[in-house]
Amino acid sequence: MNSSKGVYYTWLGLIGAAILAGLYAAIRLFTQGHYLFNTNDVLLWSLPLGSYIYLALTSSGLTLLASLPLVFGVKKFEPITKRLVFLAIATLIGGFVAIGLELGNVLHMIYIFLSPNLSSPIWWMGLIYSVELVVLIVKFFLMHTGDWHSLFSRALGHISFLGALVAPLMIGSIFGLTESRVTYFGPVMPIYCLLMAILSGTALCIFYNLVVAGIDGNGLSEAKQGIFDDITRFFTYTLGTMIVFVLVKVAIESATVIPDFLNYRQYAQAFGGIGKLNTEVLLGLMLPFVLMLIPWIRAGNGSRMLASGLVMLGTLAMHMEILLAGQSRPIGPKAEQYPEYISYFPTIYEWLVLLLAVAVALLLYTLGERYLKLEAAPGH
Amino acid sequence: MPRYAMVIDLQRCVGCGACSIACRSENNVPDGMYWSNKITETSGTFPNVRYHYIPTLCNHCENAPCVRGCPTQAMHKLENGITMHDPNKCIGCKYCEFNCPYGVIYFNWRKPHPFWQDESELIKGGTYSPAEEASKAGGKVLPYYNPERNETLAGIRPKGVVEKCTFCDHLVKRGELPRCVEACPADARVFGDISDPNSEVSKLLGKFRPFRLREQLGTDPHVFYIRDFNPAHYQPTKGGV
Chain A
0 MNSSKGVYYT WLGLIGAAIL AGLYAAIRLF TQGHYLFNTN DVLLWSLPLG
50 SYIYLALTSS GLTLLASLPL VFGVKKFEPI TKRLVFLAIA TLIGGFVAIG
100 LELGNVLHMI YIFLSPNLSS PIWWMGLIYS VELVVLIVKF FLMHTGDWHS
150 LFSRALGHIS FLGALVAPLM IGSIFGLTES RVTYFGPVMP IYCLLMAILS
200 GTALCIFYNL VVAGIDGNGL SEAKQGIFDD ITRFFTYTLG TMIVFVLVKV
250 AIESATVIPD FLNYRQYAQA FGGIGKLNTE VLLGLMLPFV LMLIPWIRAG
300 NGSRMLASGL VMLGTLAMHM EILLAGQSRP IGPKAEQYPE YISYFPTIYE
350 WLVLLLAVAV ALLLYTLGER YLKLEAAPGH
Chain B
0 MPRYAMVIDL QRCVGCGACS IACRSENNVP DGMYWSNKIT ETSGTFPNVR
50 YHYIPTLCNH CENAPCVRGC PTQAMHKLEN GITMHDPNKC IGCKYCEFNC
100 PYGVIYFNWR KPHPFWQDES ELIKGGTYSP AEEASKAGGK VLPYYNPERN
150 ETLAGIRPKG VVEKCTFCDH LVKRGELPRC VEACPADARV FGDISDPNSE
200 VSKLLGKFRP FRLREQLGTD PHVFYIRDFN PAHYQPTKGG V
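Below, the structure written as structure tokens:
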């Protein structure tokens, strides 16, 4: 008992230290400016924005999974639903921390509401995720008080489902609507982001629940084992779909002779790769897919953790790869003052933004597990 | 209401950069940023090479991607067609800069003009610090600060927001020309109302075959280029034989 308490407080201490380090970075960013990032007027968006995209999309994926019982009535999944909603909230708050520190002037966010621009995908993304967060928190509160299926509660479930469906499309549109940067793949990008949301959300769901079961020491109950058998199958289908998508993307990138793509290629394997396939695709998509295709490996909780963990890392790397490669070359007259290709490695401040965002999410997960009865389901 | 446009005559432009220097002084533009800039290119293979120079600035596009994407309308169109920015509404997301096909928007990554805010003296007790010098000159941050810029836009834009060329809207508003047009020693820049068929810009666009940068994107830029500076000539032949 004492040793588990010790581990718990050590864990909280680590999270606290990470948050303090992140807050130091935040204060420096607010007072000194964003030159503390390894960015410039060519490579504008870097690890903090990649972290936001990753966390926000993962939150949408978790909400979409939670909608199976909340919207589509799949009662079998109810034992993990409250935790899914909570994870979605905590992950989205982590994402907001990352974007808050990425923005040059976060205090002006009030103008999102006072001076809206309906033709801006960033405006829609900001609005939908803000509403989504409020709806998820109210929905979670209702579930916590035992109200899962009242009309109001169900309406909130439906709204959060729609939000989680549309928000990733808006993130994709931010890139896809940029006609002058063809390497972001135009209208295909929103679909890509939606698929990535489902994939990373499912991966976090599997990984997190297995970690919690491991910490409890009791393993998964029989009912939960059945749930995760289903979710792992769904995870494998999603991985397969994502692989097809990525292969088509690689084929287009390889075949085209549009100059932007020829330039893009020189940067498109920041993490290395074999042939046209990037390391993060090989290790973050294909290896987990192959592992999950083999029935006896798929059945093991250890291998499920490995596969979902690889996908969590792989999807973050894939977001970063796309984000950076499309901004690697100066546009127009900026070629006069910047090199032909911009190299990038995050500064300590960028790592600290990621650390703060993840630490805030982890703190919420930890406190939620301790105080909010995340295992609760209707009728229990 | 006029729709302002600029015609740049590449035959007259000598590439002296006076436009960029004048712009910098007029608008208190920080180091590392170029509201007025240039694209230089070389074509051919040595020894048959040639140098090309295209002055650039915000194109004040009719269908401006920066305006379309700005979540708070900080980047907006004025009635006279000028693409204007309001730093008070800017959240610093940099989407306008990401979206601009012409690379003419810059972000204030730090407090602008850091050199002139430095309080350390080069020789202790012997020289002014840059900050003291600026203050003695009576400028605001800069010793050469232009207070007129402050009439329609923050004289010096704060950190965390973007900035770009405004066609010197504060000068245009009182019937003057943008500073780059005024400063051009070769009179290579013509500024005026494109909706008026009798304006000089309209006449030039009818007389020469203009081109605009990345026209295929459909942004409808309002900076036009005419002619080309090329004194070279070659002997007429039948097919090069």
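Residue numbers (numbering that gives the first Met the number 0), protein chains in the order written: chain A, 0 to 379; chain B, 0 to 240.
Backbone N, C-alpha and C define an ideal beta-carbon position, used for all residues, glycine too.
Which chain B residues sit within Cβ distance under 9 Å of residue i?
{"i": "LEU132 of chain A", "result": "Under the 9 Å cutoff, chain B gives no residues; its nearest Cβ is about 17 Å from LEU132 of chain A."}
Quick one: what does DSSP say residue i is sitting in, helix, strand or coil?
{"i": "MET0 of chain B", "result": "coil"}
{"i": "MET188 of chain A", "result": "helix"}
{"i": "LYS145 of chain B", "result": "For the sequence presented, residue 145 of chain B should be read as Asn rather than Lys. Three-state DSSP puts ASN145 of chain B in coil, outside helix and strand."}
{"i": "LEU130 of chain A", "result": "Before going on, a small fix: residue 130 of chain A reads as Val here, not Leu. Note: VAL130 of chain A maps to helix in three-state DSSP."}
{"i": "LYS135 of chain B", "result": "helix"}
{"i": "TYR105 of chain B", "result": "strand"}
{"i": "ARG49 of chain B", "result": "strand"}
{"i": "TYR94 of chain B", "result": "helix"}
{"i": "ILE330 of chain A", "result": "coil"}
{"i": "MET32 of chain B", "result": "coil"}
{"i": "GLU214 of chain B", "result": "helix"}
{"i": "ILE197 of chain A", "result": "helix"}
{"i": "THR57 of chain A", "result": "helix"}
{"i": "ASP168 of chain B", "result": "helix"}
{"i": "PRO287 of chain A", "result": "helix"}
{"i": "ASN277 of chain A", "result": "strand"}
{"i": "GLU162 of chain B", "result": "strand"}
{"i": "ASP117 of chain B", "result": "coil"}
{"i": "GLY14 of chain B", "result": "coil"}
{"i": "ILE52 of chain A", "result": "helix"}
{"i": "GLY272 of chain A", "result": "strand"}
Ends of the alpha helix (DSSP H) at residue i?
{"i": "ILE251 of chain A", "result": "221-254"}
{"i": "VAL359 of chain A", "result": "347-370"}
{"i": "HIS232 of chain B", "result": "Careful: HIS232 of chain B lies outside any alpha helix (DSSP H) and carries neither H nor E."}
{"i": "ILE341 of chain A", "result": "Segment: none, ILE341 of chain A is in no alpha helix (DSSP H) and carries neither H nor E."}
{"i": "LYS172 of chain B", "result": "Taken as a continuous stretch (DSSP letters only), LYS172 of chain B belongs to no alpha helix (DSSP H), as it is neither H nor E."}
{"i": "ASN36 of chain B", "result": "Premise fails: ASN36 of chain B lies in the beta strand (DSSP E), 36-44, not in any alpha helix (DSSP H)."}
{"i": "PHE85 of chain A", "result": "77-101"}
{"i": "GLY313 of chain A", "result": "300-324"}
{"i": "SER24 of chain B", "result": "17-26"}
{"i": "LEU152 of chain B", "result": "No alpha helix (DSSP H) holds LEU152 of chain B; DSSP gives it neither H nor E."}
If we count the other Cβ atoms within 10 Å of its Cβ and call it buried at 16 or more, is residue i buried or exposed?
{"i": "GLY15 of chain A", "result": "exposed"}
{"i": "THR30 of chain A", "result": "exposed"}
{"i": "GLN72 of chain B", "result": "buried"}
{"i": "GLU131 of chain A", "result": "buried"}
{"i": "VAL222 of chain B", "result": "buried"}
{"i": "ALA136 of chain B", "result": "exposed"}
{"i": "LYS237 of chain B", "result": "exposed"}
{"i": "TRP108 of chain B", "result": "buried"}
{"i": "SER59 of chain A", "result": "buried"}
{"i": "PHE344 of chain A", "result": "exposed"}
{"i": "MET0 of chain A", "result": "Its pLDDT being 48, under 50, MET0 of chain A is placed unreliably in this model, and the value from its coordinates should be taken loosely. So MET0 of chain A ends up on the exposed side."}
{"i": "ILE7 of chain B", "result": "buried"}
{"i": "PRO329 of chain A", "result": "buried"}
{"i": "TYR364 of chain A", "result": "buried"}
{"i": "GLU214 of chain B", "result": "exposed"}
At 8 Å on the CB atoms, spell out the chain A contacts of residue i, in chain order.
{"i": "VAL103 of chain B", "result": "GLY331 and PRO332"}
{"i": "THR39 of chain B", "result": "GLU335"}
In terms of residue numbering, what span does the beta strand (DSSP E) encompassing residue i cover?
{"i": "MET83 of chain B", "result": "82-84"}
{"i": "THR177 of chain A", "result": "No beta strand (DSSP E) holds THR177 of chain A; DSSP gives it neither H nor E."}
{"i": "GLY191 of chain B", "result": "188-192"}
{"i": "LYS76 of chain B", "result": "74-76"}
{"i": "PHE223 of chain B", "result": "222-225"}
How would you list, in chain order, the residues of chain A whose beta-carbon sits under 7 Å from the beta-carbon of residue i?
{"i": "GLY91 of chain B", "result": "LEU102, GLY103 and ASN104"}
{"i": "LYS88 of chain B", "result": "HIS107, TYR110 and SER114"}
{"i": "PHE190 of chain B", "result": "Those within 7 Å of PHE190 of chain B in chain A number zero; the least Cβ separation is about 20 Å."}
Taking C-beta pairs closer than 7 Å, name the residues in chain B that residue i reaches, listed in chain order.
{"i": "ILE347 of chain A", "result": "Result: empty, since nearest Cβ-Cβ is about 16 Å, beyond 7 Å."}
{"i": "ILE121 of chain A", "result": "GLY68, PRO70, CYS92 and TYR94"}
Which residues of chain A have a Cβ atom closer than 9 Å to the Cβ of residue i, listed in chain order?
{"i": "CYS179 of chain B", "result": "Those within 9 Å of CYS179 of chain B in chain A number zero; the least Cβ separation is about 14 Å."}
{"i": "PRO64 of chain B", "result": "LEU176, THR177, GLU178 and SER179"}
Which residues in chain B have a C-beta closer than 8 Å to the C-beta of residue i? List them in chain order.
{"i": "PHE34 of chain A", "result": "Just to set this straight, residue 34 of chain A is Tyr in the shown sequence, not Phe. Per Cβ cutoff of 8 Å: TRP108 and ARG109."}
The ligand HEM and residue i: does any heavy atom of the ligand fall closer than 7 Å to the residue's C-beta?
{"i": "GLY225 of chain A", "result": "In terms of ligand content, the structure shown is empty, and the ligand HEM therefore cannot be addressed."}
Checklist line | Positions along the region 215-228 of chain B whose CB lies within less than 7 Å of some CB in chain A | finding: LEU216
Next item on the list: Taking a Cβ distance cut-off of 7 Å, strictly less, list which residues of the region 113-143 of chain B are near chain A, in chain order.
Entry: none
Checklist line | Near-chain A residues of the region 13-37 of chain B - C-beta to any C-beta below 7 Å | finding: TYR33, ASN36 and LYS37
Margin query: Using a Cβ-Cβ cutoff of 7 Å, what residues of the region 147-168 of chain B are near chain A? List them in chain order.
Written below: LYS158, GLY159 and VAL160
Item checked: Contact list for the region 253-264 of chain A against chain B, Cβ threshold 7 Å -> Listed by position, the residues of the region 253-264 of chain A near chain B (Cβ gap below 7 Å) amount to none.
Next item on the list: Scan the region 165-178 of chain A for residues whose Cβ lies nearer than 8 Å to a Cβ of chain B and list them as they occur along the chain.
Entry: Within the region 165-178 of chain A, the residues whose Cβ lies closer than 8 Å to some Cβ of chain B are ILE173, LEU176, THR177 and GLU178, listed in chain order.
Item checked: Members of the region 43-58 of chain A that neighbour chain B once the beta carbon cut-off is set at 8 Å -> Correct list: LEU43 and TRP44.
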